[in-house]
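Asks: When we follow numbering that gives the first Met the number 0, the leftmost residue of the sequence shown carries the number 0, and every step to the right adds one.
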Amino acid sequence: MPFIPTIDSIDAAGAGKSHAMRMPASAPRVNDVGSSFTTVASDCSDSLCSYPDLSAEGGCGRGKSSMIFRTQHESLLSGSTRKSDGNLQSMSPQGQAQVKFGTVEIRLYPFILGDSPSTTMGVPLSIDWAHSPEDTTSMDLEDYESRRVGDNARKSQADLRLPHLERESILLRSGLYTRTQLNLAEATLLEEKWHQEVSRKSRERQVRLEGMMRPISGAGRRISTLVRRRAKEEGPGAKHGNAANLDRSLGFRRDSFGRLLELDLSASART
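See below:
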């Protein structure tokens, strides 16, 4: 069964032991009060410790511990850190923490049927969530990078593209899918892409009609304001005649817009 190697975890402490990096039950809290703040280290296990006990001399403490600095500047310039044995690294003169990567863990994930709608032909390909523990290996980061030459060099996006026949062959060889299942998945994918295209065209048409309707609505409001102003100037006798003319004008504009909308919808239905 084909597999893809991926980098899952790294040891953030130099050449120490390799372990999976996992957040503890409660992440450290930083309480900022005025010009001072307190950093609280949380409980963590012996093997999975992301936040070391700063008060202990080695390893990870069981209980909660805290280290208080009077000012933020003092905390950034503190140089009392540990060597690369799984704990903190020293800080640079500018107060920036230095992070070094020690080991990488390589896992192998099997290919499965994907659901990406961006595939132009055939069925999409993806990788499963479950990996193979017996095929998991760890190695030093420098050693891993030194081997990425020649055929093992980092691939480009063009190299990662697979033709649809090769994707189908990979899925069929895995024994998890039949030809009928692949054909059904391809038909479902084409239907989803068709619905997306219809939705996109409908949205574009709605935006275009809204843009055409704005000047018509604005012209109607301007005409209505002009007629009311003129009616006040001419007196009560001419008010009813001007109102009738306004209704006929706006009715003509509404009819024109309705016919334009029907023509646009009929043209879209033919396409």
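A virtual CB, placed ideally from N, CA and C, is assigned to each residue, including glycine.
Being a predicted model, the structure only gives us computed values, none of them experimental.
Per DSSP, what kind of secondary structure is Arg178 in: helix, strand or coil?
Replies: In the sequence shown, the residue the question calls residue 178 occupies position 179. Three-state result, Arg178: helix.
Asks: With distances taken between CB atoms, is the gap from Thr135 to Ile105 smaller than 8 angstroms?
Replies: Walking along the sequence shown from the start, residue 135 turns up at place 136. Walking along the sequence shown from the start, residue 105 turns up at place 106. In this structure, Ile105 lies closer than 8 angstroms to Thr135 by Cβ.
Asks: Mapping DSSP to helix, strand and coil, what is Thr187?
Replies: By one-based count along the sequence shown, residue 187 stands at place 188. If DSSP states are grouped into helix, strand and coil, Thr187 belongs with the helices.
Asks: Give the DSSP-derived three-state secondary structure of Ala152 in the structure shown.
Replies: The residue you call residue 152 lines up with position 153 of the sequence shown. In this structure, Ala152 counts as coil in the three-state DSSP scheme.
Asks: Out of Val122, Gly174, Glu165 and Gly101, state which residue places its alpha-carbon closest to the alpha-carbon of Leu140.
Replies: Stepping through the sequence shown from its first residue, residue 140 is reached at position 141. Closest by alpha carbon: Gly101.
Asks: The beta strand (DSSP E) that contains Arg106, what's its start and end?
Replies: Stepping through the sequence shown from its first residue, residue 106 is reached at position 107. Here the beta strand (DSSP E) through Arg106 covers Thr102 to Leu112.
Asks: With a CB to CB cut of under 8 angstroms and the five nearest residues on each side skipped, what residues in its chain are close to Val206?
Replies: In the sequence shown, the residue the question calls residue 206 occupies position 207. Counting only Cβ-Cβ distances below 8 angstroms, and skipping sequence neighbours, we find nothing.
Asks: May I ask which residues mark the beginning and end of the beta strand (DSSP E) holding Tyr139?
Replies: Here residue 139 refers to the residue found at position 140 of the sequence shown. Checking the sequence shown, residue 139 turns out to be Asp, not Tyr. Here the beta strand (DSSP E) through Asp139 covers Thr136 to Asp139.
Asks: Just the C-alpha distance for Tyr143 and Val98, rounded to the nearest angstrom, thanks.
Replies: As a first step, residue 143 is located in the sequence shown; it is residue number 144 there, counting from the start. As a first step, residue 98 is located in the sequence shown; it is residue number 99 there, counting from the start. Their backbone Cα atoms lie some 18 angstroms apart in a straight line.
Asks: Would you report the Cα separation of Asn151 and Ser125, rounded to the nearest angstrom?
Replies: Mapped onto the sequence shown, residue 151 falls at position 152. Mapped onto the sequence shown, residue 125 falls at position 126. When rounded, the distance between both Cα atoms is 21 angstroms.
Asks: Kindly give me the distance between the Cβ atoms of Val122 and Glu165, rounded to whole angstroms, as I take these residues to be in contact under 8 angstroms.
Replies: Here residue 122 corresponds to residue number 123 of the sequence shown, with the count starting at 1. Here residue 165 corresponds to residue number 166 of the sequence shown, with the count starting at 1. 11 angstroms between Cβ atoms; not a contact.
Asks: Would you kindly report the start and end of the unbroken beta strand (DSSP E) that includes Leu124?
Replies: By 1-based counting over the sequence shown, the position of residue 124 is 125. Leu124 to Ile126 is the span of the beta strand (DSSP E), which, as asked, contains Leu124.
Asks: Among Ser168, Leu188, Glu133 and Tyr108, which one has its Cα closest to the Cα of Thr119?
Replies: Along the sequence shown, read from residue 1 onward, the residue named residue 119 stands at position 120. Here the closest residue by C-alpha is Leu188.
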